[in-house]
Each structure stands twice: as structure tokens, then as C-alpha cells.
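*Asks:* Before anything else, here's the structure in question.
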Amino acid sequence: MDKRTEFSAALKESLKKRDETAVASIRLILAALKDRDIAARSTGNSEGISEDEIFSMLQSMIKQRKESAKLYCDAGREELAEREEAEIEVIQGFLPQQLSEGEAEKAIEDAIAETGALSIKDMGKIMGVLKTRHAGQMDMGKVGALVKKKLA
1368 MDKRTEFSAA LKESLKKRDE TAVASIRLIL AALKDRDIAA RSTGNSEGIS
1418 EDEIFSMLQS MIKQRKESAK LYCDAGREEL AEREEAEIEV IQGFLPQQLS
1468 EGEAEKAIED AIAETGALSI KDMGKIMGVL KTRHAGQMDM GKVGALVKKK
1518 LA
């Protein structure tokens, strides 16, 4: 089942269960997906964005919510932070199984070996390989820090 179908099915299921958080989160996902599909079509891609781009979009949405939750916690607005955390859980449900720390380190080492990276200047090549191979399976923010550490 492709992601678009999965989102629609999850929305219907959430509506039946009257899960307001899931309904709102999935509607936000669908709206973001529609925006990106329209942008892709304007560049000549009639299919819309790819599955990897959908995973990237979902990870961006999670990152935004984590930042918002932190700001809400800092401001003493726990109820809003909890809502952001609940949305994160819903969005994470659409991502593939995340790689363990050991698997992520192995993937980074393989990418470094494959690209022949020697210094921090080669970080972009490594990140490109990792995004292509492990879309949605790794938090690229954390991975970036690991790559820097390995190249230093």
C-alpha cells in the first residue's frame, strides 16, 4: 500500500474511533503532502513527490513539533507541549522502523567507505548517500552529528 492510501485509510479509521489528535495530525500530513505534490507538478513531475520525499516531509514535521514542544515547555504551557508530543507519535507511526544506534553507525561507516570521504568537506556526499538509502529510517539531525564526529 502506498503512503497516500495509508494516510487516507488511517484518517478514516481515526474518524471512526473519534481520535481527535490523530484526525488533526493526519489532516496536517495530507495538507502538507498536497502542497508538495502541487509544487512537484509545477516542475513537471505529474506523479507528485516520491515515497522518500514523503518520509523526509514526515521527519520535518516531527522536527517542527519537537521544537514547538520544547518552546511550550520552556514557557510553562505543558498542555500544548503534550499535544505536540501526541502529534509526533501519530506522525512517527507512518515512518518505517528506525535503525538502532549500532545499525546507524554501520550505515555511516559504509557510506564513508563508499564515498571515500576523508574530511568534513565530504559530509554532503555522505548525507546524500544516507538519505537515499535510509529515507525515513534515521533522524538526519542526529546522524549529521555522528558523521561529523567520525570525520573529525
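1368 is the number of the first residue of the sequence shown in the working numbering; add one for each residue after it.
Glycine included, every Cβ here is placed at the ideal spot set by N, Cα and C.
On a predicted model such as this, the values are computed, not experimentally measured, just so you know.
Find out if the Cβ-Cβ distance for the pair residue 1392, residue 1468 is shorter than 7 Å.
*Replies:* Mapped onto the sequence shown, residue 1392 falls at position 25. Mapped onto the sequence shown, residue 1468 falls at position 101. No, the Cβ-Cβ distance between residue 1392 and residue 1468 is not below 7 Å.
*Asks:* In three-state terms, what does DSSP make of residue 1414?
*Replies:* For the purposes of this step, residue 1414 is taken as residue 47 along the sequence shown, with counting starting at 1. The DSSP-derived three-state label of residue 1414 is coil.
*Asks:* Taking 6 Å as the limit between beta carbons, can you name the residues of its chain near residue 1471, skipping five residues before and five after?
*Replies:* As a position in the sequence shown, residue 1471 is number 104, starting the count at 1. These residues qualify, in order along the chain: 1505.
*Asks:* To the nearest angstrom, how far is it from the Cα of residue 1369 to the Cα of residue 1494?
*Replies:* Position 2 of the sequence shown, counting from 1, holds the residue named residue 1369. Position 127 of the sequence shown, counting from 1, holds the residue named residue 1494. The alpha-carbon of residue 1369 is positioned some 25 Å away from that of residue 1494.
*Asks:* Determine the direct distance from the alpha carbon of residue 1380 to that of residue 1499, and round the result to whole angstroms.
*Replies:* For the purposes of this step, residue 1499 is identified with residue 132 of the sequence shown, where counting begins at 1. For the purposes of this step, residue 1380 is identified with residue 13 of the sequence shown, where counting begins at 1. The straight-line gap separating the alpha-carbon atoms of residue 1499 and residue 1380 is approximately 31 Å.
*Asks:* Tell me the DSSP secondary structure of residue 1483 in three-state form.
*Replies:* As a position in the sequence shown, residue 1483 is number 116, starting the count at 1. Three-state DSSP puts residue 1483 in coil, outside helix and strand.
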